[in-house]
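Position one of the sequence shown corresponds to residue 1 (my numbering), numbered consecutively onward.
Backbone N, C-alpha and C define an ideal beta-carbon position, used for all residues, glycine too.
The next block holds one structure in the form of structure tokens; read it before the comments.
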Amino acid sequence: MARLPIAGSDSGVWGDILNGYLLQAHKQDGTLKDGSVGETQLAEPVQTKLNNPPNALLLSGDQTVDGDKTFQDVVRAKVFVLDNTVDSTMNSRLILGGGPYPGIAIDGGPGTQPSVQFASDPSVGSMVLRYVGPTGGSFSVFSSFTATTSAFSIDQNELATFSGAVTAPALKLTGGSPAAGKILTSDSAGNATWQPPLAQQATATLGSLFDPIIGTFPVSEIVQDSYDNDNLDTSNYGGITGTLWNSNRINTQAMKLVANNSTNPAAGCTNMPNGRTVGSCFDFEFEFTGDKLALMFAAFGYFDTQIYVENQGQMTRLKAFPMAGNHNGIVFRNIRFASYETRRIRVLAPYIYFYQIVHEPNAIVNRTPDRPMIAITGDSYVDGSTAYNSGSAQTYSVGGTVDAILEATGFAVIRLGQGGTGYFNNATGNASDAMGPNNSSRFFSASRLAAIQAFGTGKIAALIVNGTINDGELSGGMAGMKARALEGYGALNAWDPAISIVAVTPEPLNNPTAGNVHDLNRQGLIQAISSHPQGIGYIDVYNPDQPLWTGTGTEAAQGADPQTKLIGHDGVHPNWAGYRLYGGHIAANIAHMKLYSE
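Here's what the structure looks like:
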């Protein structure tokens, strides 16, 4: 076996061997080479001592570290990606999240999902504080550790609360369908949304804008007023010329004139303001300097027209009643005055064709200023095309509800009524959003909204919505009618918040009865207009306790009651007297209603 050499007996050979052996683990200076002594070469007490110095921490595997630890520099470590995995063995803990969104998470405890994560997105430099648990919680920001009230907090329902004022260069809220012109308003609980403005402030009454038609033009000032069929009698004219229907010298503010022939204006026009393929009554005005003129139309049987002429600053009827005619073909209303003057002239005509104003070459036609303008929509009681009730003792095409309102107010009136329709009824007897006959549709349909929108925002002071017996049970009751009416009013004012709205309850035909379908609809309409921001009032003609009229009689089935004098031969619609009452009552009531003004 190996042995140590005897000193001096081997001439130094064994010393060389020993030095070579020691050089395997030692440097030339006698110190140990780096890495020559591993952990396994150390005694266990020595390992323990080295692992627990006062200024060092060695972690390996899953370990629990007790006591406070202070790091003087950045700690870099690989950590797992936070993935919400439940660890039922751990108490509340702080977790570092790696991966694409490194951050810090606070774990709620054994068996729970991590509840809060503060993560970053290095790709965009953003920081996000979010709840990653299944139910969320609340998050608060305090100005200091001693503060008792948070400056800002978010609860689990994503509702944010600020205890102080919010200062920002711009503030964006999205509740309530934001749109130009809307304002921020709140409910009783303080929830703020964007809504149409409360039409600013109610100021002037509608009545303060009235300029009614009063009386009749002096007979002494009229030399001629007659219809000439087919050809105009020009024997009293010193030459003739014409101002065509599309001239900007004629005020047509409440009409939408459509050429009968798109390539030939001389073929005349039709008024088409309400979305139907059936035309509507004409209502145009101009200033005329001269002493004779003729209005050129084309008629298709019975027709009547009404002319209003200025006298001493006041508009008057040229005749007490509309002047009737009956002809198929060209018709001229030929008018001669006793004196050559400047007068305003306003013309009403039914659904016929209008061509031009015929006059002498030395006469002058100028556009009159716009009048206050309202619109009226509804059923056949405000039908745009005619009010004629065939077989009635006294009835006129231009002697309806709208015409009575026009005379009482002087307003320009957009005629949007469509017979047979209602808030639900599309003139088929059914509740439908589809088009009915002649493009008829329910109130506030897309078609009827488009018709009123064609006149532009800021032009219409108020809309009168004539309630109807056409809906009946189609509404489903009071709540259904209220909801449908509010939907329509809201759609209108989303387009133009400045339009004030007046609701008229269903027509008082055949003794209004409390609790029936029409009364339930009546109550729904009253509730709707009373709660809508732009609603300025309602006219309750169907009130069972005090209807506008009573009775069941008509001209065709006469009785001793008031209705007999008011309802014409068809048993449903008014005659001249009935329309004068109905339209006059509406005008009298809106006179006291206050307009919202910008």
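Check: Beta-carbon proximity check, residue 330 vs residue 355, cutoff 9 Å; Outcome: yes
Check: Residue 585 classed as buried or exposed, judged by whether at least 16 other C-beta atoms fall within 10 angstroms; Outcome: buried
Check: Sub-9 Å separation of residue 251 and residue 421 beta-carbons; Outcome: no
Check: Simplified DSSP assignment, three categories, for residue 445; Outcome: coil
Check: Simplified DSSP assignment, three categories, for residue 344; Outcome: strand
Check: Whole-angstrom distance between residue 491 and residue 343, CA atom to CA atom; Outcome: 41 Å
Check: Same chain only: Cβ atoms within 7 Å of residue 506, ignoring 5 sequence neighbours per side; Outcome: 467, 468, 469, 518, 521, 522, 542
Check: Candidates 493, 431, 403: closest to residue 476 by CA position; Outcome: 431
Check: Separation of residue 277 from residue 294, as counted between CA atoms; Outcome: 28 Å
Check: C-beta atoms of residue 320 and residue 303 nearer than 9 Å; Outcome: no
Check: Classification of residue 392 by the beta-carbon crowding that lies within 10 angstroms, buried from 16 upward; Outcome: buried
Check: Residues of its chain near residue 340, where Cβ-Cβ distance is below 7 Å and the 5 sequence neighbours each way are ignored; Outcome: 290, 291
Check: Check whether residue 464 and residue 378 have beta carbons under 9 Å apart; Outcome: yes
Check: Touching by the beta-carbon criterion (3+ pairs, under 8 Å), the stretch 303-312 and the stretch 256-274; Outcome: no
Check: Cβ-based burial, residue 496 [other Cβ within 10 Å; buried from 16]; Outcome: buried
Check: Helix, strand or coil at residue 292 according to DSSP, with G and I counted as helix; Outcome: strand
Check: Beta-carbon spacing of residue 557, residue 565 below 9 Å; Outcome: no
Check: Backbone secondary structure at residue 484 - three-state DSSP; Outcome: helix
Check: Inter-residue Cα distance where the pair is residue 442 and residue 424; Outcome: 6 Å
Check: Contact under 9 Å by Cβ, residue 574 with residue 388; Outcome: no
Check: Assigned secondary structure, residue 565 (DSSP; H/G/I helix, E/B strand, else coil); Outcome: helix
Check: Local Cβ density within 10 Å of residue 199, reported as buried at 16 or more and exposed below that; Outcome: Per-residue confidence for residue 199 stands at a pLDDT of 48, beneath the threshold of 50, marking its modelled position as unreliable; no derived number is given.
Check: Of the residues 140, 17, 583, 235, the one placed nearest residue 336, counting alpha carbons only; Outcome: 235
Check: Cβ-Cβ distance between residue 217 and residue 318 below 9 Å; Outcome: yes
Check: Three-state class that DSSP yields for residue 21 in the structure shown; Outcome: helix
Check: Cβ pair residue 257, residue 358 closer than 9 Å; Outcome: no
Check: Contact set for residue 16: own chain, Cβ-Cβ below 7 Å, skip 5 residues either direction; Outcome: none
Check: Status (buried if at least 16 other CB within 10 Å, exposed otherwise) for residue 178; Outcome: exposed
Check: 8 Å contact criterion, which residue 417 and residue 384 should meet: CB distance rounded; Outcome: 5 Å
Check: Cα-Cα separation, residue 483 to residue 528; Outcome: 7 Å
Check: Opening and closing residue of the beta strand (DSSP E) in which residue 226 lies; Outcome: 222-229
Check: Euclidean distance between Cα positions of residue 82 and residue 121; Outcome: Its pLDDT being 45, under 50, residue 82 is placed unreliably in this model, and the coordinates cannot settle the point.
Check: With 16 other Cβ atoms within 10 Å as the buried cut-off, status of residue 44; Outcome: exposed
Check: Residues near residue 268 in its chain [Cβ-Cβ closer than 7 Å; skip 5 each side]; Outcome: 245, 260, 298, 353, 354, 355
Check: Cα-Cα separation, residue 589 to residue 207; Outcome: 9 Å
Check: Cα-Cα separation between residue 571 and residue 332, rounded to whole angstroms; Outcome: 34 Å
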